[in-house]
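*Asks:*
Number of protein chains: 4
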Amino acid sequence: MSALTQAHGVYPIAPTPFLDDGAIDFASIDRLSEFYLRCGSTGVTVLGQLGEAPKLDATESLAVAKAFIRAFGSLPVIVGVTAPGFAAMRTLARESMALGAAGVMIAPPNTLRTDDQIAGYYAQAAQAIGADVPLVIQDYPLTFSVQMTPAVIRRIVADNASCVMLKHEDWPGLEKISALRGFERDGSMRHISILCGNGGLFLDFECERGADGAMTGYAFPDMLCDVVRLQREGQRDAAHDLFDAHLPLLRYEQQPGVGLGVRKHVLQRRGLIASSAQRAPRSHLSSTARTEVEYLLARLAKHDERAALPPL
Amino acid sequence: MSALTQAHGVYPIAPTPFLDDGAIDFASIDRLSEFYLRCGSTGVTVLGQLGEAPKLDATESLAVAKAFIRAFGSLPVIVGVTAPGFAAMRTLARESMALGAAGVMIAPPNTLRTDDQIAGYYAQAAQAIGADVPLVIQDYPLTFSVQMTPAVIRRIVADNASCVMLKHEDWPGLEKISALRGFERDGSMRHISILCGNGGLFLDFECERGADGAMTGYAFPDMLCDVVRLQREGQRDAAHDLFDAHLPLLRYEQQPGVGLGVRKHVLQRRGLIASSAQRAPRSHLSSTARTEVEYLLARLAKHDERAALPPL
Amino acid sequence: MSALTQAHGVYPIAPTPFLDDGAIDFASIDRLSEFYLRCGSTGVTVLGQLGEAPKLDATESLAVAKAFIRAFGSLPVIVGVTAPGFAAMRTLARESMALGAAGVMIAPPNTLRTDDQIAGYYAQAAQAIGADVPLVIQDYPLTFSVQMTPAVIRRIVADNASCVMLKHEDWPGLEKISALRGFERDGSMRHISILCGNGGLFLDFECERGADGAMTGYAFPDMLCDVVRLQREGQRDAAHDLFDAHLPLLRYEQQPGVGLGVRKHVLQRRGLIASSAQRAPRSHLSSTARTEVEYLLARLAKHDERAALPPL
Amino acid sequence: MSALTQAHGVYPIAPTPFLDDGAIDFASIDRLSEFYLRCGSTGVTVLGQLGEAPKLDATESLAVAKAFIRAFGSLPVIVGVTAPGFAAMRTLARESMALGAAGVMIAPPNTLRTDDQIAGYYAQAAQAIGADVPLVIQDYPLTFSVQMTPAVIRRIVADNASCVMLKHEDWPGLEKISALRGFERDGSMRHISILCGNGGLFLDFECERGADGAMTGYAFPDMLCDVVRLQREGQRDAAHDLFDAHLPLLRYEQQPGVGLGVRKHVLQRRGLIASSAQRAPRSHLSSTARTEVEYLLARLAKHDERAALPPL
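Chains as they are written, first to last, in the numbering used here: chain A, -7 to 304; chain B, -7 to 304; chain C, -7 to 304; chain D, -7 to 304.
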């Protein structure tokens, strides 16, 4: 059994940094990775939806995975291998594992509807990539339009020994975490790790419901690490205080589409990536939006000095 | 032209209060209305999606509208008349207007896709209810799955003289407000009122982008009124301070489905409605969720004494 | 247990005839009903999707149901009561039953996704209308976007004693009929009637798979009656010959949207309704489409003299 | 300007033949190609949706395209390059063109809704693959859930000089063909080729409405060629006679999902591919369905001797 079933802490969803001309910026991958490690990340996930994975071709995807795997050393790297078909998914999954990835993440195609379709899809995917490849379910109905009940997730876990983790980003989703942990307590489901996405919008309570941490790409992963740590240490109020200070910006970043523009902009402002460039289709950050972000950063800086950035 | 084109301030989305046995609770309608008026609401919207409108039959719908219209006196009441067909929509619209409603709100059926379908639908709806009935567009893609560009909204406004207001709840939506106000400035669209929904999640910036206020049902409409007022008075930081203090709870309430349970629970905690009962299909508020809400209220009370409620 | 569990033959989906000014044409209801009875229909379904049910208000809906119930005498009339909420659904269901309806038909709201949501919805609907009201499931994913597996249908049947019939219009759907009849054979599901819709496009094989007949509104219900009868008599080739002769027109009529225009046009050409008028939103039948229909009728008339109509 | 703007006749949608073990069956590609050419196809389209394109990885996709291009010699081969992102789309498009493809076909992602989103997507795609690559729009709302009005198609054609053809498979779609040809007549749109898909279900009338022919994979492409030829020769009744004889089987094959199983089965029965194997996710053809296909073939053989096949 993969050690990922015991994963906890924060696995940032890494953006794919591009140079202004659209080329992959490998230097920023190194800088970003170093920062992730320094602030206490326990792993990383690359080639996710907000890692602009669909905008890379097969060769580029592997190169990005390789760069993060090298930078993270012995810490686990999860590679998003979601694809419209199993052949491309298998190719990327097996090549990533050969490079040292710890596991792969798969989101369902947005045409799935019934419980049987969803469970059947994951069974086929697990078989396609090979039973030796640790598998992370991505459950993100807001983006993928697929609704998985707790019972369906339990079924996927039971059907596939290689399933080790849930990237939880249902919305609302607090009761889903409680239900899954309840399944573990009543013995009807084996333990898997649950790391939460959804931009972190409910991370404060998700930890209290039984999640093991976060897997999301908010531009202050250091805050995510602190909140998860404080919750594990039982410092509930302190965790909420820190989280609440970030909530206005975090909410702003969680806007679909435009959110990636905010995220890359703030990461660039923090000096963690060289450019906020996206590949097409890209989200535009208007000048008004930039000033709103500056306002939010300035307000945040009163509570968290990490937000005190040099002026634009 | 209806005075609603100049509407501003806060029009709460009123819940429909039920007794524990599911009967409409008219006494709570009066109490709630009195509170709305006392805290500075400038109007109210009834029979919205979170007013559980689809759970009332034709007779009940009219009775609820009538009760709010009587309670609000000379202040405007907007009645949601969204319906699967134009005959029922027309009947409710005309009967509501006869009772003294100021206008009606219509959301599009979730099967509309193309720009022509959306514009065509509103033209047919406006004709069906009668050109003398002031019409509010509800633009809520997260719930209704219909995506209206600013240009389509401009087209609806141009096509239908009776269109007076936009209930704005696109997500993300800040740029949409800017685009629509830009249309007004460049003379390509006449002025309409824009009141914002979406649970209030971006009310802080929506006001700054040119919205006239809020139309949403957050359980502290008094906060909404204060934020809109502070923004109108130019007290930006104070507006954000108050808003940010509420954001953790507001975000919690904005969860689809479960949100209505939170909202009715808090309204009941505040003594504004007698029961938090919903009609089926109802959202369940778990005991854990209730304790989370209590925790959020207690934290909020440190910043806003209106959240200091007697213990459960 | 309602006799509807044993229903077979043809229940036409009755259009709602309108006069050119949009008023309900009760004289045509009588004429149409008389024709349905004369050609061997064993029941009728009113206020279905292609009966333009959403375009009637509550009073009109009941008047249409009443007119058909009176015309059909002792033969069963099923009333479509699909509604956005249970209050309106209950009101129409109970008033229809009081008038002599044999049962009601309910389609699911197009937002349902998971198996639990679908089963939960039908349980709530059955409870809302009352356990004494025979209930027909409408399973039409192409229009309603809800996908019910055979196991979910079995679950609805098990959960709700009042469920007596399936209006089957999944596409593809032949294996679903076989699966459901298999459930009956293996004892895991009690018997219900299965009548097939979907414009009749697969009626030839649906009968052979175990369906009890048709519930659809094709403009030649007399053909539907003959095909179902021939299949019951074991005259397979004759059934297919007749069906295949109609297939070019039947396929033409089955086009979403425009199909209702074709259907009402042909019914008017046959003298069965006075006008092909629809209420808004209406589908337009272009002059080219009309000549195509004439061409199809002329070709059909070589095989079935009922299609030999006086020139336009 | 690419010669494809003048394309007419039949471009079969080629299935990707697999051996029973899932390997690509290149021998069957040659045999199938030879048959397509012999029966009068004027081109071919590979790696379409029913060519199981998503089930191939990048290397395999190119190998399949190459095999067809070689077999078709000087006749045009269109390569489906639909992909979740532009990088992979560009790579396959440019490599295919380098091998001798005549153009590429692109279907929109199923998340597009507004007119602007659709037009914007095609502009970005055309730019991504390069302005020198002839582009075919695939308009298939039933499968891709994207609804393009005639005006949006006109806009795509105006925006992108490289757009040469429409694969038309809207449903209903006859009026769309008339509208587009009307745009050409009124001078508001330059001429493009229109070839029709949708399983051929309306090919009889599509030709009469102004389509240039068919682009679909029905297992009797020889019939498609004959119908298009007869229509061009003005033999309308003969065209319909032949088409109608095939309609029962053609309709059976057009069922979503299961249809590919029928198609490959019949192609194998005709000796055109060695195996009906599909890669996962595959559609299952039950033994009952196989006997239904045999029955349809036997009935068809009475009208078209090409359907007289040796017994199973």
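Every residue gets a Cβ at the ideal spot worked out from N, C-alpha and C, and that includes glycine.
1. Show which residues of chain B have a CB atom less than 7 Å away from the CB atom of Cys108/D.
2. Roughly how many angstroms lie between the CA atoms of Arg146/D and Gly209/C, to the nearest whole one?
3. For Val254/C, which three-state DSSP category applies?
4. Around the C-beta of Thr34/B, are 16 or more other C-beta atoms found within 10 angstroms, so that it is buried, or is it exposed?
5. I'd like to check one pair, Thr74/A with Ala99/A: are the Cβ atoms closer than 8 Å?
6. Run through chain B and tell me which residues come within less than 8 Å of Gly202/C, C-beta to C-beta.
7. Return no unless some Cβ of chain A is closer than 8 Å to the Cβ of Ala272/D.
8. For Gly14/A, decide whether its Cβ has a neighbour in chain B, counting only Cβ atoms nearer than 8 Å.
9. Is it buried or exposed, Arg30/B, if we count other Cβ atoms within 10 angstroms and call 16 or more buried?
10. Quick check on Arg105/C - is its C-beta less than 8 Å from some C-beta in chain A?
11. Residues of chain B with CB closer than 8 Å to the CB of Gly72/C, please, in chain order.
12. State the DSSP-derived secondary structure class of Ser53/B, mapped to helix, strand or coil.
13. Return the first residue and the last residue of the alpha helix (DSSP H) that Ser170/C is part of.
14. Chain C partners of Gly249/D, CB-CB under 7 Å?
15. Below 8 Å, how does it come out for the stretch 213 to 231 of chain D and the stretch 277 to 284 of chain D: are there three or more Cβ pairs, yes or no?
16. Span of the alpha helix (DSSP H) holding His232/A?
17. Can Ile186/D and Asp204/D be called in contact, C-beta distance under 8 Å?
18. Just mark Pro213/B as buried or exposed, buried being the case when its beta carbon has 16 or more other beta carbons within 10 Å.
19. Quick check: the Cα distance between Leu67/A and Gly191/B, rounded to an integer number of angstroms?
20. Can you give me the Cβ contacts of Ala281/A inside the same chain, cut-off strictly under 8 Å, excluding the 5 residues immediately before and after it?
21. Below 7 Å on C-beta distance, what does Lys47/A contact in chain D?
22. Taking the C-alpha atoms as reference points, what is the distance between Cys199/A and Ala206/D?
23. Under 8 Å, Cβ to Cβ, is there at least one residue of chain C near Gln41/B?
24. Does DSSP put Ser268/C in a helix, a strand or coil?
25. For Ala171/B, collect the residues of the same chain with a Cβ closer than 8 Å to its Cβ; drop the 5 residues on either side in sequence, then sort them by chain order.
26. Mapping DSSP to helix, strand and coil, what is Ser188/A?
27. Rounding to the nearest angstrom, what Cα-Cα distance links His88/A and Ala15/A in this structure?
28. If you follow the beta strand (DSSP E) that Cys155/A is part of, which residue opens it and which one closes it?
29. Within its chain, find whatever has a CB closer than 7 Å to the CB of Arg298/A; leave out the 5 residues flanking it on each side and keep chain order.
30. Determine, using beta carbons only, whether Ala120/B comes closer than 8 Å to chain C.
31. Check the C-beta distance from Ala118/D over to Leu127/D and give it rounded, since I have them as a contact under 8 Å.
32. Return helix, strand or coil for Ala206/D, following the three-state DSSP convention.
33. Would you mind telling me which residues of chain B sit closer than 7 Å to His232/A, beta carbon to beta carbon, in chain order?
34. Please state the DSSP three-state secondary structure of Asp17/A.
35. Which residues in chain D sit within 7 Å of Glu284/C, going by Cβ to Cβ distance?
36. Less than 7 Å between C-beta atoms, sequence neighbours within five positions excluded: which residues of the same chain meet that for Asp136/D?
*Replies:* So, from the data block:
1. Looking at the sequence provided, one finds Asp at residue 108/D rather than Cys. The answer, in chain order, is Thr141.
2. Rounded to whole angstroms, Arg146/D to Gly209/C spans 36 Å at the Cα level.
3. Looking at Val254/C - three-state DSSP - the assignment turns out to be helix.
4. It counts as buried.
5. Closer than 8 Å, so yes.
6. Here the premise fails: no neighbours, minimum Cβ distance about 32 Å.
7. Closer than 8 Å: yes.
8. Not one chain B Cβ lies under 8 Å of Gly14/A.
9. Exposed: under 16 other Cβ atoms inside 10 Å.
10. Closer than 8 Å: yes.
11. Listed along the chain, the chain B residues whose CB falls inside 8 Å of the CB of Gly72/C amount to none; the nearest CB is some 12 Å away.
12. It is helical.
13. Per DSSP, Ser170/C belongs to the alpha helix (DSSP H) from Leu166 to Arg177.
14. Within 7 Å Cβ-Cβ: Pro164.
15. No, the stretch 213 to 231 of chain D does not touch the stretch 277 to 284 of chain D.
16. Note, His232/A: alpha helix (DSSP H), Arg228 to Glu245.
17. Their beta carbons are under 8 Å apart, which means Ile186/D touches Asp204/D by this criterion.
18. Counting other Cβ atoms within 10 Å of its Cβ, Pro213/B reaches 16 or more and is therefore classed as buried.
19. Rounded to the nearest whole angstrom, the CA to CA distance from Leu67/A to Gly191/B is 40 Å.
20. Counting only Cβ-Cβ distances below 8 Å, and skipping sequence neighbours, we find Val250, Gly253 and Val254.
21. Going along chain D in sequence order, the residues near Lys47/A (Cβ under 7 Å) are Gly77, Phe78 and Ala79.
22. Answer to the nearest angstrom: the Cα atoms are 57 Å apart.
23. Taking Cβ atoms only, chain C never reaches closer than 8 Å to Gln41/B, which makes this a no.
24. Coil at Ser268/C, not helix or strand.
25. Correct list, in chain order: Pro142.
26. Before going on, a small fix: residue 188/A reads as Cys here, not Ser. Three-state DSSP puts Cys188/A in a strand.
27. Going by the sequence as given, residue 88/A is Ser instead of His. Cα to Cα, the separation comes out at about 21 Å.
28. For Cys155/A, the enclosing beta strand (DSSP E) stretches over residues Cys155 to His160.
29. Sequence-distant partners of Arg298/A (beyond 5 residues in either direction) whose C-beta falls short of 7 Å from its own C-beta, in its chain, are Phe212 and Asp214.
30. Closer than 8 Å to some Cβ of chain C, the Cβ of Ala120/B qualifies, so yes.
31. For a cut-off of 8 Å, the C-beta gap from Ala118/D to Leu127/D is around 6 Å, short enough to register as a contact.
32. It is a strand residue.
33. Neighbourhood of His232/A in chain B, by CB distance below 7 Å: Arg291, in chain order.
34. Assignment of Asp17/A by DSSP, reduced to helix, strand and coil, places it in the coil class.
35. Chain D residues near Glu284/C: Phe197.
36. For the sequence presented, residue 136/D should be read as Phe rather than Asp. Once the five neighbours on either side are set aside, the close Cβ partners of Phe136/D are Ala99, Pro100 and Asn102.
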